[in-house]
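Contents: one structure, followed by commentary.
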Amino acid sequence: MGSEEEEGEQEQLTQDDDAEEVEIAVDNTAFMDEFFAEIEDTRLNIDKISEHVDEAKKLYSVILSAPIPEPKTKDDLEQLTAEIKKRANNVRNKLKSMERHIEEDEVRSSADLRIRKSQHSVLSRKFVEVMTRYNEAQVDFRERSKGRIQRQLEITGKKTTDEELEEMLESGNPAIFTSGIIDSQISKQALSEIEGRHKDIVRLESSIKELHDMFVDIAMLVENQGEMLDNIELNVLHTAEHVEKAREETKRAVKYRGQARKGAGEPGSCYLANLGWLTTHNRTTVMLSDPQSADWV
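Just so we're aligned: the sequence shown equals residues 1 to 297 in UniProt numbering.
What follows is the structure in structure tokens.
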């Protein structure tokens with residue numbers, strides 16, 4: 001009699017363990033699904049920023065090629081700049097949030113944690129590359145605009161060194177450019193161009209300063225990731241394959257667990273003979289159709 005009671009208690013404990021594993025598997029699957037949705041949203045935002053950077057570079061060229069650019073062109077550029085800033089802030093906040101969550105889970109070494117680190121590293125580097133390209137485009141536009149101002153001043157006989165021109169730009173007062181040459185032979189068009197280029201540079205520098213802190217923040221984030229970045233591009237495809245497989249197998253695991261409890265015999269006996277199971281350090285259960293495929297954990 002006592003033996004039967006012990007067997008009953010043991011069977012109940014086994015069923016409780018099975019239920020706990022299913023619950024953990026479901027919770028982790030939901031968490032990773034949410035994580036990958038966030039990753040995809042962030043990636044799309046970075047891609048959109050990259051497209052906007054290409055558009056901004058085209059507008060820079062249009063503005064530089066015209067002595068007096070159309071107001072609409074400058075308005076389009078201003079709207080594009082605001083959109084880049086908005087999306088970049090969104091991406092920065094997402095990456096920082098991911099980083100905090102990864103740090104909180106650092107004590108648990110698990111497959112999904114390494115996957116999250118890998119995905120976060122790839123996106124961080126991609127974001128820095130896009131923003132670096134944007135910064136380079138802005139700096140190039142500034143230098144070329146400054147060159148146009150310098151050439152127009154030389155036409156009037158007002159030669160300026162690079163240092164003097166920088167001082168004029170930093171003053172934020174366009175009158176410094178035109179004082180002393182109003183009565184010269186300079187045309188109104190040339191005068192308007194000088195003042196217009198000056199405004200372009202002032203507006204551009206404001207944008208550069210606004211993005212500076214964010215750029216440094218993310219650049220430091222990438223730098224702190226260390227040696228992992230050196231190898232990330234080599235294993236990201238390999239990782240992605242395992243990620244998708246793990247997600248699908250985890251979902252199948254939940255299904256098989258449910259079917260097993262409904263069937264006859266000991267819980268789990270109908271599938272444990274044919275399938276390999278893996279419990280990670282954080283007790284996340286993943287079903288492997290081939291136990292040898294566990295080499296990635």
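All C-beta atoms, glycine included, are put in the ideal place defined by N, C-alpha and C. Remember, it's a predicted structure, so these values are computed and weren't measured experimentally.
Residue i - DSSP class collapsed to helix/strand/coil
i: A37; result: helix
i: A137; result: helix
i: D105; result: coil
i: T161; result: coil
i: T42; result: helix
i: A88; result: helix
i: P69; result: coil
i: S171; result: helix
i: T156; result: coil
i: S110; result: coil
Cβ-based burial, residue i [other Cβ within 10 Å; buried from 16]
i: K159; result: exposed
i: L123; result: buried
i: D41; result: exposed
i: residue 330; result: Given a span of 1 to 297 for the chain in the structure shown, any question on residue 330 remains unanswerable.
i: L272; result: Interpretation of L272 is limited by its pLDDT of 32, a score under 50 that renders its predicted location unreliable; the figure taken from the coordinates is listed afterwards. By the 10 Å Cβ count, L272 comes out exposed.
i: I49; result: buried
i: K94; result: buried
i: V130; result: buried
i: T156; result: buried
i: I39; result: buried
Whole-angstrom distance between residue j and residue i, CA atom to CA atom
i: L169; j: V91; result: 32 Å
i: S97; j: N45; result: 16 Å
i: L211; j: E83; result: 12 Å
i: residue 298; j: I115; result: A query on residue 298 cannot be resolved here, the shown segment of the chain reaching from 1 to 297 and no further.
i: Q79; j: M32; result: 36 Å
i: A219; j: V128; result: 6 Å
i: A25; j: M214; result: Any reading at A25 is ruled out, since the residue's pLDDT is 44, under 50, leaving its predicted position unreliable.
i: N89; j: K74; result: 23 Å
i: R197; j: V53; result: 20 Å
i: E205; j: H101; result: 34 Å
i: L64; j: D217; result: 31 Å
Presumed contact (8 Å Cβ cut-off) between residue i and residue j, rounded CB distance
i: L165; j: Q152; result: The pair is not a contact, with the Cβ atoms about 11 Å apart (cut-off 8 Å).
i: E193; j: R148; result: 7 Å
i: L77; j: A56; result: 7 Å
i: D200; j: S145; result: 5 Å
i: T81; j: S207; result: 5 Å
Near the ligand PLP: residue i beta-carbon under 6 Å from a heavy atom
i: I115; result: Among the components of this structure there are no ligands whatsoever, and the ligand PLP is therefore not found.
Quiz item: Touch check for the region 138-150 and the region 51-64: three-plus C-beta pairs under 8 Å?
Solution: yes
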